[in-house]
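Residue numbers (the working numbering): 483 to 1168.
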C-alpha cells in the first residue's frame, strides 16, 4: 500500500521518513512574505471587474454588497471588514458577516461611498480575538470547567476593547467595558458568568471596539463613484424638428420645428417629472441616398431624411441642422432645460452620410470595397445606403482624437449626457480610451449605451465606462422572464452594468403594445418605472402610438425617423398624468431609486407579478397585472424576511396610485382590472 493512501476514515497519513541532503551553511535570510495569501487568507473578492483592470460601479450614497471568502488555519475565529478609501485618503469601514452555509467561508457586507470620485475597495481579514475567547468561554462555562482561566481571558479582552474605545473617544463604551472586565469573577456561578458573556451590550461594544489581530488586507481594487443620476434617472426623448413643425398649404412644403419651438416640450417633460431630455442627432442631414417616408429609397423633396444620416455641405458632427436654428439657439435651449431642472442628452452617432465633410477630407476613415466604392452600413437583409460606418482601424490616432474633440465640443455647450448610437459596432478598446479621457476632465458626464446585442458585448461596454445601457426589457413580457431578468440585473451584473428600461424607442415598437390598448401601455410604464432606477419614454408613448409598418414587425408605421410628426398632446388616450405620477412616486421613495435590492414574491396566478424593493426603512411592494384585457385575481404570499419584517407582522399598505390603504400580513388577496392594473404600495409598519 502506498504511504499516500488512507484506508481508515479519519486516520492520519504517515509520510515515509526522508533524509534531506546536507547543504553548505548559508547566512540566515530575513523572512520575506511570499506574494499571494496574507496571514489571514482572503479570496474571491467581489465587486472586482476583470481582475481590477476596470473599476466596479457605484453612485454616491448607494449601498452595494461586498463579498469574499475569509478563513484561516485551525479553529480560532476570523472576521472581516470592508474598507473603502476615498480619493482624498479618507477611510470608511463596514463590517462583514459570515453567510450560510458556514463551511464555505463566505463573508458579506454592505458598503457605501459618500462622495464622487475614484475610490478603492479592500477586504481586511483578521483574527477575531473576542470571537475565539467568547466561543471557548461559552463551551467551558456550559460544562463548568476552567472557570478561573475563562474569567481571566474574558476580562483581558474586555480591557483591550476598553482601551480601543478610549482611543476612539468613546468614553461611555470604555467605561462599560471596564465594568464588564471587573465583573468576570471566578467565584461567581458559571450560569451568571455565561449570561454576562452573552449579553447584547457586550457584543455590541466588542463589534465596535474589539481587538483585531493579524489584519490582512487584500490589494486595493478600483471603485468608481458617480453622481446619483448615473443610476437614478428618468428620460424623455423627442425630435425637435417635429415639435412645432407645420405644413404650408400655399407653398406645399413642410416647415421644421426648431430649438426655439421646442421650449414648450421641455416644459412638458419637466411637468411629467423627467430628469433628462434626449435628442436624436441635431446635425445637418445628407441628401445622397436620403431615405423617404417609411424607409423608402425614393424620397420626395419634402422628406427631411433620417437624423442619423449625419453630414452635409452645412457641416458635420459639430454643426446643427440649419432648420433647427443656430448654435446660439441650441445654447438657449440647453439653458432653458437647466432652468427647469433638466439635463440635455445628445445623440453621439459615429457614422457619416455620403455628404459628410469627412468623406472627402478623410476617406481613409471608411472602408473601401473592391469595386472602389465606400461601404455603407448593412445588417443583411437591411441596408442603410444613407450611412457610411467608420473603420476605426484605418487611422486610429486621427479618428480617436476627432471623436474626443467632438465630445468636448458639445460638453462645452452644456451637454452633460450622451446617448451613444450602436456602440457595439465600434471597438471596445476605443470606448475604453474615450471613457477614460472624458472621465479625467469631465467626470460628471454620463454615457448611455444604445446596445441591443449579445450579453458579453453589453457587459463589456459597461465595464469600460458606459454608465447605463439599454436592455432586453422591451422583449421580456412573461412573469418568469421578468423575474429571471431582474434577478440577473440586480445581482449578477450590477457591479458593471446599469440598466435603463426604455418602454419604446423610434426603432422598436414592442409587440406587447401593438394592440394600442392603453392598459398595455400603462402596465409597461409601471413595470419600467418601478423595476429599474432608470427608465425612458419615447414621445408618442403617452399617446399610445402603436401602428406597425408590417404585421409581426417592430417598426412604426410613418416612423418619425423619416418624417415630421407634430402631435396633439391633448389627444386621447393620454398617459401623461400616469407617467407624471410614476416619476413623482419614484422621487418620493428611495427604494425605487436603487437597483440591487429587489425581491419577488409568490402569486399563483401567472398573470400577476409581485415584487418588493427596499432601502433602509423604505419598503415598496408592487403588484401588477400582466393581462391588459381582462380582470385578474390572485392570492399573494409575501416572504416577510425579504421585507425585513417578522413572519407574523401586520402592517398597512398604502397604494400610491389610488390613495387607498389596506391592512396586510404575509398573505393577501388582490383584484386587478384594466382600469386599475397595478398597486404600488408603500409599507407602513405599526
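Positions of the beta carbon are idealized from the N, C-alpha and C atoms, including for glycine.
query                                                                                                                                                                       : result
Going by alpha carbons, who is nearest to residue 876 out of 887, 864, 847, 938?                                                                                            : 847
Taking all protein chains shown into account, decide if residue 544 is buried (16 or more other Cβ within 10 angstroms of its Cβ) or exposed.                               : buried
Taking the alpha-carbon of residue 539 as reference, which of 619, 941, 824, 628 has the nearest alpha-carbon?                                                              : 941
When burial is assigned at 16 or more other CB atoms within 10 Å of the CB, is residue 491 buried or exposed?                                                               : For residue 491, the predicted model reports a pLDDT of 31, less than 50, meaning its position is unreliable; a value from the coordinates is still stated below. With fewer than 16 Cβ atoms within 10 Å of its Cβ, residue 491 is classed as exposed.
Could you check what DSSP says for residue 798 in three-state terms: helix, strand or coil?                                                                                 : coil
According to the Cβ coordinates, are residue 536 and residue 804 closer than 9 Å?                                                                                           : no
Thinking C-beta only, is residue 716 closer than 9 Å to residue 1177?                                                                                                       : The question about residue 1177 has no answer here: the residues shown for the chain are numbered 483 through 1168.
Pick out the complete alpha helix (DSSP H) segments inside the region 654 to 715, 4 residues or longer, and give them in chain order.                                       : 672 to 679, 682 to 691
Within 10 angstroms of the Cβ of residue 912, are there 16 or more other Cβ atoms? Answer buried if so, exposed if not.                                                     : buried
Say whether the region 1014 to 1029 touches the region 690 to 708, bearing in mind that this needs 3 or more beta-carbon pairs closer than 8 Å, one atom from each stretch. : no
Quick one, are the C-beta atoms of residue 524 and residue 710 less than 9 Å apart?                                                                                         : no
Hey, quick one: how far does the alpha helix (DSSP H) through residue 617 stretch, first residue to last?                                                                   : 611 to 625
With a 10 Å radius around its C-beta and 16 neighbouring C-beta atoms as the bar for buried, classify residue 807 as buried or exposed.                                     : buried
So is residue 1068 buried or exposed if we call it buried at 16+ other beta carbons inside 10 Å?                                                                            : buried
Determine the DSSP secondary structure at residue 818, reduced to helix, strand or coil.                                                                                    : helix
Residue 633 lies in the alpha helix (DSSP H); which residues open and close that run?                                                                                       : 629 to 649
Please classify residue 917 as buried or exposed, where buried requires at least 16 other C-beta atoms within 10 Å of its C-beta.                                           : buried
Tell me whether residue 459 is buried or exposed, calling it buried when 16 or more other Cβ atoms sit within 10 Å of its Cβ.                                               : The chain is shown only over 483 to 1168; residue 459 falls outside these bounds and no answer can be derived.
Return the chain-ordered list of same chain residues with a C-beta closer than 7 Å to the C-beta of residue 624, the five sequence neighbours on each side being excluded.  : 676
Would you kindly check if the distance between the Cβ of residue 1090 and the Cβ of residue 1108 is under 9 Å?                                                              : yes
Which partner residues of residue 886 appear in the DSSP bridge assignment?                                                                                                 : None, per the DSSP bridge assignment.
If you reduce the DSSP assignment to three classes, tell me which class residue 865 lands in.                                                                               : strand
Quick check on the DSSP output: the beta strand (DSSP E) that includes residue 561 runs from which residue to which?                                                        : 560 to 567
Give me the DSSP bridge partner(s) of residue 1081.                                                                                                                         : 1094
Opposite residue 828 in the DSSP bridges: which residues?                                                                                                                   : 761, 900
Measure the C-alpha to C-alpha separation of residue 708 and residue 1015 and round it to an integer number of angstroms.                                                   : 15 Å
Could you spell out where the beta strand (DSSP E) holding residue 531 opens and where it closes?                                                                           : Per DSSP, residue 531 belongs to no beta strand (DSSP E) and is neither H nor E.
Check whether the Cβ atoms of residue 1047 and residue 750 sit closer than 9 Å, and answer yes or no.                                                                       : no
Using the C-alpha atoms, what's the distance from residue 836 back to residue 791?                                                                                          : 8 Å
What beta strand (DSSP E) runs, 3 residues minimum, are completely inside the region 905 to 952?                                                                            : 928 to 932
Inspect the beta-carbon positions of residue 1074 and residue 1105 and report whether they are closer than 9 Å.                                                             : no
With a 10 Å radius around its C-beta and 16 neighbouring C-beta atoms as the bar for buried, classify residue 779 as buried or exposed.                                     : exposed
So for residue 551, helix, strand or coil by DSSP?                                                                                                                          : strand
Could you tell me the alpha carbon to alpha carbon distance between residue 1098 and residue 1130, rounded to whole angstroms?                                              : 20 Å
Is the region 858 to 869 touching the region 883 to 901, taking contact as three or more C-beta pairs under 8 Å?                                                            : no
Let me know the secondary structure DSSP gives residue 995 once reduced to three states.                                                                                    : helix
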